[in-house]
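Report on the structure given below.
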Amino acid sequence: MIKMTLNNKPVELDVNPQMPLLYALRDELKLTGTKFGCGAGQCGACTVHVNGQAMRSCVTPVSAIAEQAITTIEGLADHNGKLGESAVQIAWREFKVPQCGYCQSGQMMSAAALLQAIPQPSDEQIIEHMQGNICRCGTYKRIKAAIKSAATHSSASSLSASHSATGNSADSTLPVSTSPSNKSKVEVFSASQFASKKQGASS
Amino acid sequence: MNAIENVSRRGFLKVAGISTGAFVLGISLPVGTAQAKSSTGALSHELNFFVSIASDSMVTLVCHRSEMGQGIRTSVPQIIAEELEADWHKVTVVQAKADAKYGSQGTAGSASIRNHFTSIRQIGAVARDMLEQAAANIWQVPRSAVKAHKHYVVHSATGEKISFGELASHAAKLTPPDSKTIKLKANSDFSLIGKDVKLTDLDDIVAGKAQYAQDIQLPDMLIATIVRPPVVGGKVISFDASEALKVKGVVNVIALKTRSIPVGINPLGGVAVLANNTWAAIEGRKKLKIKWQLGDKQNHNSNEFSKQLVKQVNQQGETVASKGDVYNHQYNENNTIAATYTVPYIHHAPMETPAATAVVNGKKCTIWAGTQNPQWAKGTVARELGLEKDEQDNIELNVTLMGGAFGRKSKADFIVEAVELAKASKRPVKVIWSREDDIQHGYYHSISANYCKAELTANGSADHWISRNAYPPIGWLWNAEAKVPSDNQLALGFGDIPFALKNLSIEKHAVDSFVRPGWVRSVACINNGFALGSFVDELAVKAKLPTRQMWLNLLGADRHVDPNDNGFKYSNYNLDLAAHPIDTKRMKDLINLISDKAKVEQELPENQGWGISFLRSFGSFVAAATKVEVVNNKVTVLEMHTAVDCGIVITPDRVKAQMEGAMVFGLSIALMGEISVKDGQVQQSNFHDYPVARIGQVPEMHVHIVKSDAPPGGIGEPGVPPVAPSITNAIYHASKTRIRDLPVSKVFTV
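Here is the structure:
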C-alpha cells in the first residue's frame with residue numbers, strides 16, 4: 000500500500016510499486032486530466048507536481064512518490080485554494096491558448112512550477128523550462144505570452160494545492176541547478192532522478 | 004440538402020434531457036438516401052436534433068462535425084446562433100453521434116465550413132423563422148411585423164417583445180418552412196459571424212475536465228495494447244502468451260483477425276494483451292513471444308525508394324495536363340532550370356495517440372472514439388459485426404474530443420480493433436496505442452519526388468514549364484493495383500498551376516506502395532507546394548529578381564484560371580469554380596501583402612535571409628514569409644508570417660490559431676520530420692527520433708487575415724503548404740545553400 004497526498008487529500012494505492020504514477024492516476028484513481036503522450040518522459044503531457052516541482056508522471060513509479068504531495072491539473076488552484084483559478088489557468092483562458100487541448104494540462108503544470116520557482120522568468124528561462132512540453136497543434140506563441148501574463152499579474156504566481164498543504168517554501172523544495180552559472184534553472188525530474196534524490200541534468 | 008423537421012413532440016426528448024415544451028428541430032435524411040424510411044427505433048437515431056430551445060430560453064445546438072483543435076465546436080454553433088439570433092451566452096453545445104441524418108460528418112479536407120456554411124445557416128434560419136411566426140400568431144399581426152433580435156422576437160411597431168423561451172412551446176406546434184425559402188442574413192447584418200466568442204471547450208480544457216477518447220472509463224473495462232505486424236501485410240504465424248498471462252493484472256491475450264492487402268481502414272492484425280490497467284497491459288506485452296510472417300513488403304527501403312522516385316520524375320511521365328508544346332522546344336541552357344525536390348514519409352503524431360472504447364452485446368455495440376469520420380467508422384464497424392445496412396443503428400458511436408488528429412483519425416482501424424476485442428472478450432475494451440505504435444503503424448504522407456523545369460522569358464517570367472511528380476497514391480489503400488494518384492489528389496497544388504504559361508506539361512508517374520499512405524494535414528499540397536514554392540524562388544534567383552516579382556510575373560494579368568482549359572479534370576476541392584475561382588488578383592494581392600508586412604526585401608545582416616512562398620488550397624489563399632539565420636551550419640528561424648485570404652471569417656481568433664499552428668506544423672515538416680523505412684519497417688519510434696517542433700524553435704509569428712466577403716474557404720490545412728518552402732528559400736537567401744530534399748536536418752543543424 001502506497002500512501003500519498005493527492006490534491007490535498009490523503010490517498011492509498013494498492014498497485015504494483017513499479018507502476019508509473021500516470022497510470023495510477025488515470026486507471027486507478029480515475030483522474031484523467033493528466034495525459035499520456037509518449038510514455039518516455041519526452042513530451043511532457045503527463046506533467047504533475049511532486050512537492051511543487053514538475054515531474055513526468057509517465058516515468059515516475061508510484062514507489063518514488065510514497066509519502067509525497069502530488070498535485071494534478073484537477074488540483075491546480077489560486078492562493079485561496081480556488082480550483083481552476085491559478086494564475087496560469089486564468090492566463091491560459093485569456094490568451095485562448097489551447098487548440099485540441101490535449102497537451103495543455105501538462106503545459107500548465109510545467110508553467111505553474113516555473114512560476115513558483117521563478118516568479119518573473121526571462122524569455123530564455125521560459126523556453127528552457129517549457130522545452131520538454133510538446134504541443135503538436137503549435138500553441139507555443141500563446142504559451143509564452145500566457146506565462147508572461149501570469150507572471151505579471153501574479154508576482155507570487157500560483158500555488159499548487161499540495162504545495163500549500165505541505166507548507167514548504169519554494170526555496171527549500173524546488174531543486175535548482177548545481178551549476179553556479181545558472182542558479183535559477185528549474186529542473187524537470189525523471190523518476191529515477193527523483194527516486195534517488197539526485198539533482199542532475201534535466202530530462 | 005437535408006430537410007429540417009419539427010421533432011418537439013417526439014418521446015425521445017426526455018431521454019436526451021430536454022424538457023417538455025421545448026421547441027426542437029431535427030434533421031431528416033438527405034433526399035435520396037436508401038435509409039430514408041428508416042425507423043426511429045434505436046436511441047442513437049433519435050438524438051439527431053440540431054436546435055432545441057427550452058422554456059427557460061436555454062438553447063442547445065448540435066455540432067455534427069468533429070473537434071480536433073480547429074474550433075469547430077465553436078464555429079458551427081456560432082453560425083447556427085447567428086441565423087437564429089440567439090444570445091451566445093445562452094447556448095450549450097452537444098456533440099452529434101454518428102448518424103447519416105446529419106449528412107456529411109467527415110471532418111477532413113478543411114471542409115466543415117467551406118462545404119456546409121449554407122446548410123448550417125439554414126438550420127438556424129428555419130428555427131428563427133418559426134419563432135417569429137409563433138410571435139406573429141400570438142400578437143395576431145402579419146409575419147412581416149415581427150423580427151427576432153438577441154433571443155427575443157420583437158414587434159417592430161410597438162417594441163413589445165417575447166423571449167425565445169416563452170415562444171418555444173408555440174413554435175413547437177408549427178410546421179417548418181422549406182429552408183430554401185428562408186432568407187439568410189446579409190453579411191452586413193452579422194453580429195456573431197466574424198466576431199470572437201467564448202470558445203466552447205476552453206474552460207473544460209483549462210480545468211483538465213475535457214474528455215478525450217483516452218479518458219473513457221467504464222465499469223469492468225479492460226485496457227488493450229496490441230503488437231501489430233512490423234511490416235504492412237505481415238501475419239502472426241504463432242505466439243506464446245504464457246509469460247504475458249503471468250503478469251498481475253493481465254486478463255487475456257487475444258490474436259486479432261488476420262488482415263490482408265488492400266488494407267483499407269481496417270486494423271493490421273496482431274496480438275492484443277488485455278489487462279485491468281494500462282501498466283499491466285504494457286508489462287504483459289513485453290513478455291509476448293510472436294513469430295511473424297513479414298510478407299512481401301519487407302524489402303522496402305525508403306532511401307533506395309526515394310532515389311527511384313527521383314529517377315522516375317527525371318523522365319517523361321503520363322500527361323495530366325498540357326498546353327502548347329514543351330518537347331519540341333530548344334531550351335536555352337543559360338536560362339533554364341530543372342530541379343528535383345523530395346519529401347520523405349511524414350507522420351501526424353497527434354499528442355493523443357489513437358484510442359477507442361467499445362462494448363459489444365450481440366448485435367448491439369456502443370463505441371466512444373475520437374474520429375474525424377464518425378459515419379465511415381460506424382459503417383466499417385457494422386461490416387465487421389456482420390450487420391445488415393438497416394441494422395446500422397444498433398451501433399451507437401459517441402464522438403469524443405480528439406487530442407489532435409491532422410488526418411490520422413479519419414481512419415477507423417483503431418476503432419475496429421476495440422470492437423473486435425470487446426466482442427472477443429465479452430467485456431468493455433479500451434484500446435490504447437503507445438507512442439511507438441502510433442509512429443510505426445501510421446498512415447503516412449507519401450514519400451515523393453517532384454520535378455520542375457522551365458525557361459526564363461525576356462520579360463522576367465518563365466515558360467515551357469514541366470511539372471512532374473511520383474508518389475505512392477492513397478488509392479492503394481483500397482486497390483492494391485493502384486499506382487497513380489487520382490485526379491482529386493493531383494489537383495492539390497499540381498494540376499491547378501495558376502501561371503500564365505503558353506507551353507506547359509504536367510505529368511504523373513506510376514509508383515508501387517509499401518506502407519499505408521494517408522492524408523496528413525494538406526496532403527499532396529505538402530510536396531507539390533514545396534516544389535512549386537521552391538522552384539519559383541529558384542527562377543527568381545536565376546532571373547535576378549525579387550521572389551515577389553517572379554510570382555507576380557508568373558501569375559500575369561488579373562483573371563480566373565480554369566485548369567480544365569489544359570485538359571485536366573479539375574475538381575477544385577469539390578467547390579464550385581465560379582463561386583471559388585482561382586483568382587490571380589487575390590493571389591497577387593496576398594503575395595504583395597506578405598512581402599510588405601514582413602518587409603521581405605529589407606537589407607539584412609550577413610547570414611540572414613527572407614523566403615516567401617504561396618499556395619491556394621482547399622479554397623483558401625495563403626502566403627508565408629520566413630526569416631532565418633544560418634551560422635556555423637545551424638539554421639535558426641527568426642520570424643514567420645502568414646497572410647490568409649479565406650473569404651468570410653467565422654471565428655477570427657481560431658483562424659489566427661490555425662495559421663499559427665500551421666506555421667509550427669510546416670516548420671516541423673521543413674526542419675526535421677522524417678519517417679524512414681528499412682526492410683519494410685518504420686525506423687522511428689518516439690519523439691527522440693521523430694522530433695517535432697518544440698517551444699525553443701518557434702520564433703516571433705504574425706498572422707495577417709484579409710477581410711473578405713467571398714464564400715468561405717478551408718482553414719485547417721491551407722496554412723501548411725507555403726511554410727516549408729518559405730523556410731528553405733530563406734535558407735538559400737541566407738546561405739546560398741539550396742535545400743531540395745526535406746528535411747533540412749539532413750544538411751544543417753536545426
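Chains A and B are the protein sequences, given in the same order.
Each residue of the first sequence is one higher than the last, beginning at 0 in our numbering.
Each residue of the second sequence is one higher than the last, beginning at 4 in our numbering.
Beta carbons: idealized from backbone N, C-alpha and C, even for Gly.
If you're wondering where the values come from, they're calculated on a predicted model, not measured in any experiment.
Query: Integer Cβ distance of V631/B from A737/B, believed to fall under 8 Å; Result: 5 Å
Query: Rounded Cβ spacing between H512/B and V329/B (contact assumed at less than 8 Å); Result: With 8 Å as the limit, H512/B and V329/B do not qualify as a contact, their Cβ atoms being about 17 Å apart.
Query: Interfacial residues, the segment 267-285 of chain B to chain A, with Cβ spacing under 7 Å; Result: N280, T281 and W282
Query: Assigned exposure category for G676/B - 16 Cβ within 10 Å defines buried; Result: buried
Query: Chain A contact for V434/B (CB, 8 Å cutoff); Result: no
Query: Helix, strand or coil at W481/B [DSSP, three-state]; Result: coil
Query: 8 Å Cβ cutoff, M405/B in contact with chain A; Result: yes
Query: The segment 87-107 of chain A / the segment 40-53 of chain A touching (three or more Cβ pairs under 8 Å); Result: yes
Query: Any 3 or more C-beta pairs closer than 8 Å across the segment 342-361 of chain B and the segment 601-611 of chain B; Result: no
Query: The segment 155-174 of chain B / the segment 199-209 of chain B touching (three or more Cβ pairs under 8 Å); Result: no
Query: Any C-beta of chain A under 8 Å from that of I698/B; Result: yes
Query: Cβ contact check for the segment 52-64 of chain A and the segment 221-240 of chain B: 3 or more pairs under 8 Å; Result: no
Query: Close-in-space but distant-in-sequence residues of the same chain around A114/B (CB under 7 Å, 5 per side omitted); Result: G717
Query: Contact list for V104/A against chain B, beta-carbon separation under 7 Å; Result: In the sequence as displayed, the identity of residue 104/A is Ser instead of Val. Per Cβ cutoff of 7 Å: G211.
Query: Opening and closing residue of the beta strand (DSSP E) in which P9/A lies; Result: K8 to L12
Query: Under 9 Å (Cβ pairs) to chain A, residues found in the segment 53-80 of chain B; Result: E70, M71, G72, Q73 and G74
Query: Within chain B, partners of R55/A - CB distance below 9 Å; Result: Neighbours of R55/A on chain B: none; closest Cβ ~12 Å, over 9 Å.
Query: Local Cβ density within 10 Å of D393/B, reported as buried at 16 or more and exposed below that; Result: exposed
Query: Short Cβ contact (8 Å threshold) for R141/A with F94/A; Result: yes
Query: Cβ distance (whole Å) where I64/A is taken to contact M3/A below 8 Å; Result: 6 Å
Query: Proximal residues to V750/B (C-beta, below 6 Å), its chain only, five neighbours per side dropped; Result: none
Query: Contact under 8 Å by Cβ, V685/B with I529/B; Result: no
Query: Three-state secondary structure assigned by DSSP to L82/A; Result: strand
Query: Buried/exposed call for W481/B, threshold 16 Cβ in 10 Å; Result: exposed
Query: Cross-chain neighbours of D218/B in chain A, by beta carbon under 7 Å; Result: T31
Query: Exposure label - M0/A; buried when at least 16 CB within 10 Å; Result: exposed
Query: Within 8 Å, strictly: CB atoms of F167/B and S60/B; Result: yes
Query: Residues, ordered as in the chain, of the segment 37-52 of chain A that lie near chain B by beta-carbon distance below 7 Å; Result: C37, G38, A39, Q41, C42 and A44
Query: Whole-number beta carbon distance between A673/B and V747/B, since they are thought to touch under 8 Å; Result: 6 Å
Query: Contact list for H350/B against chain A, beta-carbon separation under 8 Å; Result: The contacting residues do not exist; H350/B stays about 11 Å from chain A at best.
Query: Residue from F621/B, S55/B, G719/B and F120/B whose Cα sits closest to the Cα of I82/B; Result: F120/B
Query: Close-in-space but distant-in-sequence residues of the same chain around S671/B (CB under 7 Å, 5 per side omitted); Result: V695 and A696
Query: Simplified DSSP assignment, three categories, for N9/B; Result: strand
Query: Cβ neighbours of G320/B in the same chain (closer than 6 Å, five flanking residues each side left out); Result: R471, E510, K511 and H512
Query: Min CB distance Q67/A to chain B below 8 Å; Result: no
Query: Chain B contact residues for N79/A, given Cβ-Cβ distances below 8 Å; Result: Those within 8 Å of N79/A in chain B number zero; the least Cβ separation is about 17 Å.
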